[in-house]
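Undergrad: Following this note's numbering, the numbering of the sequence shown begins with 4 at its first residue and continues without gaps.
Got a structure here, written out as C-alpha cells. Questions coming.
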Amino acid sequence: MSELLEKAEKALAHDLCDHCLGRLFAHVDTGLSDRERGESIRMALQFTRVMEDKDSLPPHVKCSVCDDIFEMVPRFADSVVERLQGLEFDTFLIGTRVDPLLAEKEEHLWSEVGQDTAETIKAELNQEIGKAVQARIPQEVEFATPDVVALVDTRFAHVDIDISPLFVYGRYRKFSRELPQTRWPCNRCRGKGCEKCHGTGKMYQTSVQELIGDILLAAAEGEDHFFHGMGREDIDARMLGSGRPFVLEIRDPKKRHIDLADLQQKINENGKERIEVEGLRSSSRDEVRQIKQDSPQKEYRAQISVDGKVNKEKLDEVILSLKHTRITQQTPTRVAHRRADLARVREIVDLEVEAFDGEDLTLRVRTESGTYVKEFVHGDNGRTTPSLSELLGVPCSVKALDVIAVFDQ
Ligand SMILES: [Zn+2]
Ligand SMILES: [Zn+2]
C-alpha cells in the first residue's frame with residue numbers, strides 16, 4: 004500500500020468527513036478541492052480493502068474533527084451575502100473565526116498522522132465560503148487589497164464586515180491666512196464643546212481637511228475622514244502655485260464609485276476664496292506612504308519688513324552669500340511645545356530679491372524640505388543661524404508668507 008493510503012488508513016481510525024480527510028493531503032495535489040481529494044482517497048482505500056479481502060470502511064456518520072461543519076457553508080454564505088447588501092464594492096475576501104475546540108481536534112489528528120501535507124480547517128472554510136459567496140454575487144475574491152472583508156464566526160454564523168478605506172489623491176491650493184490644514188479640536192475641551200470654543204469643539208471653524216473631506220465623506224457615506232498631506236504650511240501662509248499633494252482617507256465608505264470630477268467641482272464651489280483642489284483621482288494606502296516619505300524642496304514668497312538701515316549693495320551681498328548655504332535651526336520657540344528640541348541643518352537652495360525699497364523686501368526662497376522660513380528670516384533670537392536678520396545686522400520679520408511651489412516628483 005502506498006504511503007499516502009497508509010496515512011489515510013491511520014486517519015480513518017476516526018470518523019472523518021471527506022473535507023477533513025482530503026485536507027490532510029492538501030499539498031500532495033492542489034488540482035482538487037479538499038472534499039474531492041478526500042472522496043477519491045476514500046474510494047481508493049475502499050478498493051484496496053476489497054482487493055485484499057478486508058472489511059469495507061465503516062460508513063461516515065459524524066466527522067470527529069469538524070462535526071460536519073462544511074454542511075453549514077451555504078448558510079454562512081447566505082449570512083455574508085445578506086450583510087454585504089447595500090454596500091458598494093468590487094472585491095471581497097472571507098475570513099473565518101473557528102471554534103478553538105475544533106482547531107484543537109485538528110491538531111490532535113495531525114499529531115497522530117502528521118501535518119506535513121495538511122492545510123488548516125480555517126483555510127478551507129475561507130475558500131469554501133468564498134466560493135459559495137462568489138457564486139451568489141458578481142464581485143470577485145481578492146487577497147491583497149479587497150474592498151471588504153467578511154469575517155464569519157462559524158460558532159454563531161455571525162458575520163462582521165470590515166470595509167477598506169477609500170483613498171482620494173489630489174492637490175490643494177489655500178488662499179486664506181486663517182485656515183489650518185487639518186481639523187483642529189479645541190485644546191480645552193478636546194472636541195466636546197466648551198465656553199472657549201463657543202460650543203464648536205474646534206479652535207478653527209474649518210480646515211482644508213474639512214472643506215475637502217466633508218464633501219467626499221457625504222458622497223461615500225463614510226464614517227470619518229483623515230488627511231495625509233505632503234507636509235503642511237503654517238495657518239497664516241497661503242499655498243499657491245500648482246498646490247500641495249494630499250491623500251484624503253475615508254473610513255467605512257458604503258459607496259466607492261463616487262464621481263470625483265463632480266465632487267471636485269462641488270469642493271471648489273463650496274471652498275471658494277478659501278481653497279481649491281485639482282486632479283482628484285482614486286489612490287491607495289501605498290501612495291499615502293509615498294506622500295509621507297517624500298521630502299520635496301519648496302519655494303516661498305516672503306513679504307519681509309526690514310527694520311533698520313540697509314542699502315541695496317549690502318542686501319545683494321548677503322543674498323548672494325546665503326545661496327546654497329546650510330543653516331542650523333534649533334527647534335523654533337513657537338513649535339517647541341510639540342516638537343523635540345533639536346538642531347536641524349537645512350539648505351537654502353536659492354533665493355532672489357523680487358522687490359526692495361529700503362524697508363519692505365519681497366524675497367523668493369527655495370529651501371530644503373523642513374526649513375523654518377520665518378526663523379530663517381528673523382533668526383529666532385539666535386536659534387537659527389545664519390539668518391537674514393543676523394547677516395544684515397538689523398531686525399527683520401515676515402509679514403506674509405506664501406508657498407508658491409512644492410517640488411514633488
Ligand atoms: Zn470534517
Ligand atoms: Zn472647547
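Ideal placement from N, C-alpha and C gives every residue a C-beta, glycine not left out.
Treat the numbers as computed from the prediction; the structure is a model and nothing was measured.
Taking any heavy atom of ligand 1 as the mark, which residues have a C-beta closer than 7 Å to it, listed down the chain?
TA: Those residues, listed in chain order, are 19, 20, 22, 23, 66, 68, 69, 71, 72, 73.
Undergrad: Buried or exposed: which applies to residue 370, given that a residue is buried once 16 or more other Cβ atoms fall within 10 Å of its Cβ?
TA: That one is buried.
Undergrad: Using C-beta distances below 8 Å, list every residue in its chain close to residue 259, excluding the 5 sequence neighbours before and after it, in chain order.
TA: Hits under 8 Å: 91, 92, 93, 150, 169, 223.
Undergrad: Is it right to say residue 358 is buried, meaning 16 or more other beta carbons lie within 10 angstroms of its own, or is it exposed?
TA: Result: exposed.
Undergrad: Using the three-state DSSP reduction, which class does residue 23 fall into: helix, strand or coil?
TA: Residue 23 falls in the helix class under three-state DSSP.
Undergrad: Considering just the uninterrupted stretch of the beta strand (DSSP E) at residue 120, what are its terminal residues?
TA: Element bounds for residue 120: n/a, residue is neither H nor E.
Undergrad: Looking only at its chain, what residues have a beta carbon closer than 6 Å to the beta carbon of residue 274, apart from the 5 residues adjacent to it on each side?
TA: Closer than 6 Å at the Cβ level, and outside the excluded window around residue 274, lie 214.
Undergrad: Beta-carbon separation of residue 197 and residue 309 under 7 Å?
TA: No, the pair does not count as a contact, with Cβ atoms beyond the cut-off.
Undergrad: Less than 6 Å between the CB of residue 186 and some heavy atom of ligand 2, yes or no?
TA: Checking every heavy atom of ligand 2 against the Cβ of residue 186, none is found closer than 6 Å.
Undergrad: Give me the Cα-Cα distance between residue 165 and residue 255, rounded to the nearest whole angstrom.
TA: C-alpha separation (whole angstroms): 8 Å.
Undergrad: Assign residue 205 to one of two classes, buried (16 or more other C-beta atoms within 10 Å of its C-beta) or exposed (fewer than that).
TA: Per the 10 Å Cβ criterion, buried.
Undergrad: Pick helix, strand or coil for residue 351, following the three-state DSSP scheme.
TA: In the structure shown, residue 351 sits in a strand (DSSP, three-state: E or B).
Undergrad: Residue 341 to residue 406, Cα distance in whole Å?
TA: C-alpha separation (whole angstroms): 22 Å.
Undergrad: Going by the CB atoms, is the gap between residue 71 and residue 20 shorter than 7 Å?
TA: A contact, by the Cβ cut-off of 7 Å.
Undergrad: For ligand 2, which residues have a Cβ under 7 Å from at least one heavy atom, in chain order?
TA: Listed along the chain, these residues meet the criterion: 189, 191, 192, 195, 196, 197, 199, 200, 204.
Undergrad: Would residue 242 be called buried (16 or more neighbouring beta carbons within 10 Å of its own) or exposed?
TA: With 16 or more other Cβ atoms within 10 Å, it is buried.
Undergrad: Quick check: residue 335 and residue 409, are their CB atoms within less than 7 Å of each other?
TA: Taking 7 Å as the Cβ cut-off, residue 335 and residue 409 do not qualify as a contacting pair.
Undergrad: How far does the beta strand (DSSP E) with residue 227 in it extend, from its first residue to its last?
TA: Segment 227 to 232, the beta strand (DSSP E) holding residue 227.
Undergrad: Taking the DSSP output, what are the residues bridged to residue 143?
TA: 94.
Undergrad: Residue 378: buried (16+ other C-beta within 10 angstroms of its C-beta) or exposed?
TA: Buried.
Undergrad: Are the stretch 112 to 126 and the stretch 172 to 179 in contact at 8 Å, needing three or more beta carbon pairs?
TA: No: the two stretches stay apart, fewer than three of their Cβ pairs being nearer than 8 Å.
Undergrad: Can you grab the Cα-Cα spacing for the pair residue 202 / residue 216, in whole Å?
TA: C-alpha separation (whole angstroms): 22 Å.
Undergrad: Helix, strand or coil: which one does DSSP assign to residue 238?
TA: If DSSP states are grouped into helix, strand and coil, residue 238 belongs with coil.
Undergrad: Residues in its own chain within less than 7 Å of residue 305 by CB, not counting five upstream and five downstream?
TA: Closer than 7 Å at Cβ, skipping near neighbours: 366, 368, 376, 380, 401, 404.
Undergrad: Answer with buried or exposed for residue 234, where buried requires no fewer than 16 other C-beta atoms within 10 angstroms of its C-beta.
TA: It is buried - the Cβ of residue 234 has at least 16 other Cβ atoms within 10 Å.
Undergrad: Hey, how far is the Cα of residue 106 from the Cα of residue 265?
TA: The alpha-carbon atoms of residue 106 and residue 265 are separated by roughly 51 Å.
Undergrad: So if DSSP puts residue 200 in a beta bridge, which residue, or which two residues, is it bridged to?
TA: DSSP, once it has assigned bridges, lists no residue as partnering residue 200.
Undergrad: Note down the Cα distance separating residue 394 from residue 147, rounded to an integer number of angstroms.
TA: Residue 394 and residue 147: Cα-Cα distance of roughly 56 Å.
Undergrad: Give me the residue from 343, 262, 391 with the minimum Cα distance to residue 317.
TA: Taking only the C-alpha atoms, the option nearest residue 317 is 391.
Undergrad: With DSSP collapsed to three states, give me the class of residue 168.
TA: Coil.
Undergrad: Using 7 Å as the threshold, is the C-beta distance between residue 83 and residue 109 below it?
TA: For residue 83 and residue 109, no; Cβs fall outside 7 Å.
Undergrad: Which runs of the beta strand (DSSP E) spanning at least 3 residues fall entirely within the stretch 267 to 306, listed in chain order?
TA: The qualifying runs are 278 to 285.
Undergrad: Take the Cβ of residue 41 as the centre, count every other Cβ of all protein chains shown within 10 Å, and call the residue buried at 16 or more, exposed below.
TA: Buried.
Undergrad: Would you call the CB atoms of residue 172 and residue 211 closer than 7 Å?
TA: No, the pair does not count as a contact, with Cβ atoms beyond the cut-off.
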